[in-house]
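With the first letter of the sequence shown counted as 1, position 182 gets the number 182 in UniProt numbering; the numbers rise by one all the way through.
Reviewing the structure listed below.
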Amino acid sequence: MKDKVVIVGTGFVGATSAYALMMNGVAEEIVLLDVNRDKAEGEVMDLNHGILFVPPVQIRTGDYSDCKDARLIIISAGANQKPGESRMDLLKRNASIFKDIVAQISKYLGEAIILVVTNPVDVLTYFTLRVSGLPSSRVLGSGTVLDSSRFRFLLSRHCGVDARNVHAYIIGEHGDSEVPVWSLADIAGMPIDSYCLQCGRRCAGSEKEAIFREVRDSAYNIISKKGATYYAVGLAVRRITEAILRNENSVLTVSTLVEDYYGIKDVCLSLPNIVNEHGAAKLLEIPLNEREISSLKQSAEKIRQAIQQLGL
């Protein structure tokens, strides 16, 4: 099967994701779909005019029938988050949009994996899973892959270390109730607290809290300044896509169905998963402290309440 990716929705996130995929040559073919076909065609023209400068790739517009031989379908369609609006506020607006999209995809769906990017991503991942009837491994959300990247960047900036040498996760909801896993954060294999002793800065709990608040509130701050977030989201989508198409077995905090995780059941939220050509192939039960477990359960409950609003 050709490494074909279909992107449904060519707004800021969908178009930027296509650009990110085009740049690193992860896909052989990228098909853009949008209810506004002129918008999709315009994005395709713009991308194709730079085809000389990237690895070979075919980029074109299409329709839902293109899903039949795709390896990955990315759903980024939906209403944009407004300034001051939480991701959960988007729920009812985007659920109605998704109902039609998933129904159309399901008519043609072959063996593709579905990646949900639209917010609130955890609820819409669950919605897509239930409506499509697919195995849970084949429906995943972008989850907190971006949040974890923000966390690692802010820790690296604070500690003066390359972000690639920082390992830290944000789990739970991609939203206000997300949970920083401080107990497993490390730099150069050392727990963050051990590194702090060598660093000499002696960070207080208040500094940790400030870092996490900046992670959690990043989207709100960016939206208030420029209207939307899309560059880093597009790169997160590219990272998940390459893990799937290249069968990497990478550990990523994608949003997937949880059946029994510290007592949490029947909800989609973000946790470390092994991601490969089969999608979210294996959920990893990481050791959490009591405070993190409690926060994760609260986050799951918030998502569950939103799911119930949809009557699922």
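For glycine and all other residues, C-beta sits at the position ideal for the given N, C-alpha and C.
If you're wondering where the values come from, they're calculated on a predicted model, not measured in any experiment.
How close, in whole Å, do the beta carbons of V181 and I171 come, if the pair is a contact with beta carbons under 8 Å?
The Cβ separation is near 6 Å, so the contact holds.
What number of angstroms, rounded off, separates the C-alpha of V233 from the C-alpha of R60?
Distance from the CA atom of V233 to the CA atom of R60, rounded to whole angstroms, is 22 Å.
Which class does A280 belong to by DSSP, given the choice of helix, strand or coil?
Strand, per DSSP.
Between E28 and K2, is the Cβ-Cβ spacing less than 7 Å?
Result yes, Cβ atoms of E28 and K2 sit closer than 7 Å.
Three or more C-beta pairs below 8 Å linking the stretch 68 to 79 and the stretch 109 to 119:
Short answer: they touch.
Can you find at least 3 beta carbon pairs, one from the stretch 149 to 160 and one from the stretch 286 to 298, that sit closer than 8 Å?
In short, these stretches do not touch, since the Cβ pair count stays below three.
Residue of S224, S183, A281, L257 minimising C-alpha distance to N289
Nearest to N289 by alpha-carbon distance, out of S224, S183, A281, L257, is S183.
Given this structure, state the Cα-to-Cα distance separating S17 from C159, to the nearest angstrom.
Going by the C-alpha atoms only, they are around 30 Å apart.
Between P120 and L140, is the Cβ-Cβ spacing less than 7 Å?
No. Outside cutoff.
In or out: Q305 buried (at least 16 other Cβ within 10 Å) or exposed?
Label assigned to Q305: exposed.
Nearest to D100 by alpha carbon, out of V215, V8, R138?
When each option's Cα is compared against that of D100, the closest is V8.
Identity of the residues DSSP links to V267 by a beta bridge
BP columns for V267 point to V258.
Segment contact, 8 Å Cβ cut-off, at least three pairs: the stretch 131 to 146 with the stretch 256 to 263:
Verdict: yes, contact present.
Where G78 falls, given that 16 or more other Cβ within 10 Å makes a residue buried
Buried: at least 16 other Cβ atoms inside 10 Å.
Among L52, N221, L72, which has the Cα closest to the Cα of V6?
Across the set L52, N221, L72, the C-alpha of L72 shows the shortest separation from the C-alpha of V6.
Is R60 helix, strand or coil when you go by DSSP?
Here R60 sits in strand by DSSP.
On a CA-only basis, which of Y195, L154, G175 is nearest E209? Give me that one, please.
Of all alpha-carbon atoms in Y195, L154, G175, the one lying nearest the alpha-carbon of E209 is that of L154.
Can you give the Cα-Cα distance for N249 and E277, rounded to whole angstroms?
Near 8 Å, if we compare the C-alpha coordinates of E277 and N249.
Excluding sequence positions up to five away, which residues of its chain have a Cβ less than 7 Å from the Cβ of P55?
Same-chain partners within the cutoff: G25.
Assuming I113 and G279 are in contact, meaning their beta carbons sit under 8 Å apart, how far apart are those beta carbons, in whole angstroms?
The C-beta distance from I113 to G279 rounds to 4 Å, short enough to meet the 8 Å contact threshold.
Determine the contact status of I244 and V267, defining contact as a CB-CB distance below 7 Å.
For I244 and V267, no; Cβs fall outside 7 Å.
Taking the beta strand (DSSP E) that E29 falls in, what are its first and last residues?
First-last of the beta strand (DSSP E) with E29: 29 to 33.
Name, in chain order, the residues that DSSP records as bridge partners for H75.
In the sequence under discussion, the amino acid at residue 75 is Ile, which differs from the His named in the question. According to DSSP, which records beta bridges pairwise, I75 is partnered with V8, V116.
Residue range of the alpha helix (DSSP H) that includes G141
Here G141 belongs to no alpha helix (DSSP H); instead the beta strand (DSSP E) covers 139 to 141.
Nearest neighbour of R164, chosen from E214, D186, H174, G133 [CA to CA]
Checking every option, the nearest Cα to that of R164 belongs to D186.
Which partner residues of V275 appear in the DSSP bridge assignment?
Beta-bridge annotation (DSSP): V275 is paired with S250, A280.
heavy atom of the ligand MN below 6 Å from A300 C-beta
In the structure on display, the ligand MN does not appear, and there are no ligands present to speak of.
Those residues which DSSP pairs with P191 across a bridge:
Partner residues in the beta bridge of P191, as assigned by DSSP, are D186.
Quick one: what's got a C-beta closer than 7 Å to R216's C-beta in the same chain, skipping five residues either side?
Sequence-distant partners of R216 (beyond 5 residues in either direction) whose C-beta falls short of 7 Å from its own C-beta, in its chain, are D176, E178.
When DSSP builds the beta bridges, which residues end up paired with G172?
In DSSP, G172 forms a bridge with S270.
Coil, strand or helix - H158 by DSSP:
It is helical.
Contact belief for F127 with L252 at Cβ below 8 Å, rounded distance in angstroms
Contact flag wrong, Cβ pair sits at about 21 Å.
So for V166, helix, strand or coil by DSSP?
For V166, the secondary structure class from DSSP, reduced to helix, strand or coil, is strand.
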